[in-house]
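Report on the following structure.
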Amino acid sequence: MKKPLWEKPNGSVTFILIGLVSVMIIFAFALSRRFSGHTQIFTLVDSTQVARNFLESYVGDVYRQVRILVNQNDSEVFKAFREPGKGDRQIKIKYEACELLKKLQDELKIDLDGEPTVSLASMTPMGYPSILVVPKESAGAEKYGDLTIRCTIKFNKHKYSLTVKHLFKVVMRLTPMLREFILFCDQFHLEQKSPFGSQDLVNILEMKNGMVPPARYPWVLDSFGSGDNKERNGRVFLGGDSRNIFLNLGGEARFNGSIFGDLWQISPKFFSVAKDEPDLQFKKEAIFPKGFGNEQVELRGLRIPLKKYRGHSAIMGIVGFCAEIDDKDDIGFFKNSSRDIDTFLKPDPSFKELSQFDRKSLANSSALRLRGLFKPALSSTPLPDDLQYSGPDREIFGNVFGRFFLLTFFSFGSMSGGGQELIYGSSAPPPYYDYSHTISISFADSAQHPYSEYMSRVVSGGADFSGTTIPANYFKINQEGGKQEGGKVLTYTDFHPKDNLALSKPFDTFAEEWFQIFPAGSTQAKKNVQARICKFFKNQSKFKESIGFPDRFWVDGVVYIDGPLDLKEGISTSDIRGGVVLVKGPITLGNISRGLSDISKTPMELLEKKIEGITQDKFLTFVSINGGLINLVGDKHLGVQLISLRPRLSAPTDQIKWTQSDQVWFAGGIAVSTPNLKQRVQDFKNVPLFLYAPHMSDEKPSLAAYIDSPLKGYAFYVE
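For the record, in the sequence shown the residue sitting at position 619 is 631 according to my numbering, with numbers rising by one throughout.
Okay, here's the thing in structure tokens:
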């Protein structure tokens with residue numbers, strides 16, 4: 013037997029090309045035989061060369077069939093590439109030679125010696141950057157190794173065999189960790205360098221009469237159905253990890269009357285003084301009289317009886333940011349009243365910061381609605397006073413706090429109009445006198461709840477503490493659907509997705525570790541997304557040709573385009589095979605409609621069903637690897653994650669924008685360093701709808717297998 017000759021052909025010459033050339037050569041031989049006879053062939057080319065050429069065609073045909081089957085869910089080849097373990101393994105395939113090969117075999121009198129042998133060898137688990145702590149059950153799911161194909165024939169009294177090797181990779185179709193998020197902003201703090209005044213670029217939407225300005229709508233993260241399954245709703249991160257973010261909760265002109273109002277997020281259980289009254293619920297409450305008549309200032313309120321003083325109550329009203337706070341002449345809460353908001357909050361340092369530069373800022377709510385809108389306000393019938401609505405159960409990571417106003421009035425149940433404002437202060441107000449006799453009233457610590465827990469204040473104000481430690485009585489936006497008393501600040505250590513992935517470092521370190529492209533030969537490149545790249549394209553034209561665009565969109569892995577990507581015509585096909593598209597430059601993207609002719613006219617039930625049916629193997633991710641702009645010239649995007657993260661920015665920048673946004677419908681996830689909300693609210697001409705695609709968070713991530721075209725090894729045997 014001849015010793016095998018192992019070769020490493022130039023990477024630009026693929027084995028398929030070799031096989032096709034071989035087929036052409038052999039076909040020429042066959043034609044020659046017909047005209048000149050068998051003897052003439054072997055005066056031109058010896059049998060060894062004929063056998064070698066045929067084997068190259070044979071192996072090429074096997075290779076072609078394996079590549080077809082490797083990402084077909086129901087095939088044995090598909091399963092073999094995804095089985096756990098490091099050992100070599102043989103793959104059983106039902107090989108059926110193509111018609112051309114069969115004809116050549118008959119013409120040349122060649123016998124196939126057994127079935128082709130296909131095996132996986134040298135399998136090596138892919139590494140991960142230090143931020144990702146991969147559970148044992150998932151380690152090795154992503155891997156690379158050698159696909160070996162061996163074919164043997166009998167020809168002209170000799171046995172010939174050819175063995176080839178190709179590099180293969182098995183990679184996730186979505187980005188680890190980020191796939192769990194509907195919105196991920198690792199430098200969001202740049203949009204709020206101060207929670208007050210002109211440096212606050214987050215709380216910028218005026219609320220008036222329960223509405224926001226026309227054609228300036230908040231970024232709304234909605235949910236499916238009741239939204240009580242946090243895994244189906246997607247997570248949120250607003251960073252950096254060590255920065256505090258303050259979101260002004262939108263107010264309501266009438267109790268439960270505003271779809272944009274945020275006060276429904278606050279549970280009575282948030283207030284420590286209400287925990288003794290488990291059945292207490294917010295309702296429209298007369299907080300205090302406006303004047304000498306019967307007219308009252310009515311707010312979303314709680315009436316808390318004071319057990320120490322029979323007949324006395326603390327009436328607590330909560331107010332969101334809206335124009336009605338500071339308008340005494342027209343629509344304001346305090347119209348015709350001798351009191352106003354300053355009466356209660358003037359000493360509060362947070363109120364001073366909010367009001368000293370521009371009183372209009374008291375009307376400005378957040379440009380983000382992280383837990384959706386108050387949908388019951390859309391009802392055509394009056395809502396019951398005891399309505400309970402918790403919104404979507406969604407994990408919100410980061411030091412994110414909801415800011416609102418608490419106005420408290422101390423009243424006598426037996427005396428009409430008697431009472432006193434509980435103003436902001438470090439101690440109880442001076443003793444006051446009721447209308448019948450002198451009684452000194454104090455809020456002693458011995459009463460379990462000190463005065464500071466009753467007093468009027470800007471809740472989560474931002475200026476009422478020193479240092480970096482946030483007071484415990486700040487309202488955390490992460491409320492777990494309103495079920496948890498007081499909420500909880502979630503950090504990277506609280507990240508527990510269904511696949512058991514964990515983080516060893518803060519969220520805001522992920523982008524630099526995962527998406528950085530290192531120089532050739534760097535050991536770091538073997539652990540991040542760079543090691544997972546299956547195909548490199550010099551330009552977008554080569555990429556589009558490879559994936560079959562526009563008739564289909566087959567990514568099947570992680571690919572890299574060395575330049576910008578323009579898909580302004582959109583992706584209308586439903587023939588999609590998912591993966592991650594890394595782009596060195598900006599991305600322009602039209603609609604991704606997945607076969608739906610007119611999404612805006614699709615009933616919501618059908619649209620939700622469509623989104624729920626988008627599995628990971630059909631999910632697309634587009635990444636501007638250098639943190640460039642993703643320009644959406646369409647406003648309908650189903651089953652996509654858009655990523656543009658750039659470490660160490662100094663100011664907000666446009667990394668995503670909608671240039672056509674009559675009605676934004678988005679299902680998937682967005683990860684940008686800064687959303688630049690000041691510009692985004694101008695993009696949204698109507699209320700946008702952002703939904704998470706539930707299959708993104710599946711416990712077992714979908715894997716794509718890729719087999720490289722260039723030969724890694726080649727051995728031809730003659731017996």
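The C-beta atom is built at its ideal place from N, Cα and C for all residues, glycine as well.
Note on the stretch 244 to 314: whole beta strand (DSSP E) runs with a minimum of 3 residues are 247 to 250, 256 to 260 and 295 to 301, in chain order.
Its Cα nearest to that of Phe507, the residue Leu190 stands out among Leu190, Lys155 and Ile80. Nearest to Glu192 by alpha-carbon distance, out of Lys712, Tyr436 and Met467, is Lys712. In the three-state DSSP reduction, Leu644 falls in the strand class (E or B). Around Val224, the same chain offers Leu217 and Phe272 as residues with beta carbons nearer than 6 Å, after the five sequence neighbours per side are excluded. Fewer than three beta-carbon pairs drawn from the stretch 117 to 125 and the stretch 600 to 609 are found closer than 8 Å, and the two stretches are therefore not classed as touching. Within a 10 Å sphere around the beta-carbon of Thr160 sit 16 or more other beta-carbons, which makes this residue buried. Here the alpha carbons of Ser464 and Ile353 stand approximately 18 Å from one another. Counting only runs of 4+ residues, the alpha helix (DSSP H) found wholly inside the stretch 56 to 92 occupies 59 to 81, in chain order. Per DSSP, the continuous alpha helix (DSSP H) segment holding Pro361 begins and ends at Pro361 to Ser367.
It is roughly 4 Å from the alpha-carbon of Gly431 to the alpha-carbon of Ser423. With respect to Leu577, Val595 sits close: the two C-beta atoms are nearer than 7 Å. Nearest to Arg76 by alpha-carbon distance, out of Arg406, Gln628, Asp274 and Ala109, is Ala109. Going by DSSP, Gln536 is part of no alpha helix (DSSP H) at all; its letter is neither H nor E. Trp231 is bridged by DSSP to Leu380. Rounded to whole angstroms, Ser270 and Met184 show a C-alpha spacing of 43 Å. Closest in alpha carbon position to Ala375, among Leu366, Arg383 and Lys302, is Leu366. For Ser391, the secondary structure class from DSSP, reduced to helix, strand or coil, is coil.
Under a 10 Å Cβ-count criterion, Lys547 is classified as buried, with 16 or more other Cβ atoms of the shown protein chains found around its own Cβ. The three-state reading of DSSP puts Ala717 in strand, counting E and B together. Excluding residues up to 5 positions away in sequence, Gln542 lie with their Cβ nearer than 6 Å to the Cβ of Ile529 in the same chain.
Secondary structure of Phe631 (DSSP, three-state): coil. Using a C-beta cut-off of 8 Å, the stretch 137 to 149 makes no contact with the stretch 672 to 686, since fewer than three inter-stretch Cβ pairs fall below that distance.
DSSP places Ala475 in the coil class of the three-state scheme, outside both helix and strand. Taking every protein chain shown into account, the CB of Phe369 has fewer than 16 other CB atoms within 10 angstroms, so this residue is exposed. Between the alpha carbons of Gly474 and Lys358 lies a gap of roughly 15 Å.
The closest CA to that of Gln691, considering only Gly157, Tyr729 and Leu213, is found on Leu213.
The residue among Gln61, Leu144, Glu127 and Pro128 with its C-alpha nearest the C-alpha of Glu524 is Leu144. With a cutoff of 7 Å on beta-carbon distance, Leu419 and Gly329 are scored as near each other. Ser586 sits in coil when the DSSP states are folded into three classes, being neither helix nor strand. The distance from the Cβ of Ile489 to that of Gly414 is about 5 Å, consistent with a contact at the 8 Å cut-off. In the pairwise beta carbon analysis, the stretch 59 to 75 is classified as touching the stretch 160 to 176: at least three pairs are separated by under 8 Å. Collapsing the DSSP output to three states places Leu357 in a helix.
When the Cα atoms are used, Phe728 and Pro128 turn out to be separated by approximately 14 Å. By the neighbour-count criterion, in which 16 or more other beta carbons inside 10 Å mark a residue as buried, Leu644 falls on the buried side. About 18 Å separates the beta carbon of Trp276 from that of Ala379, a gap too long to meet the 8 Å contact definition.
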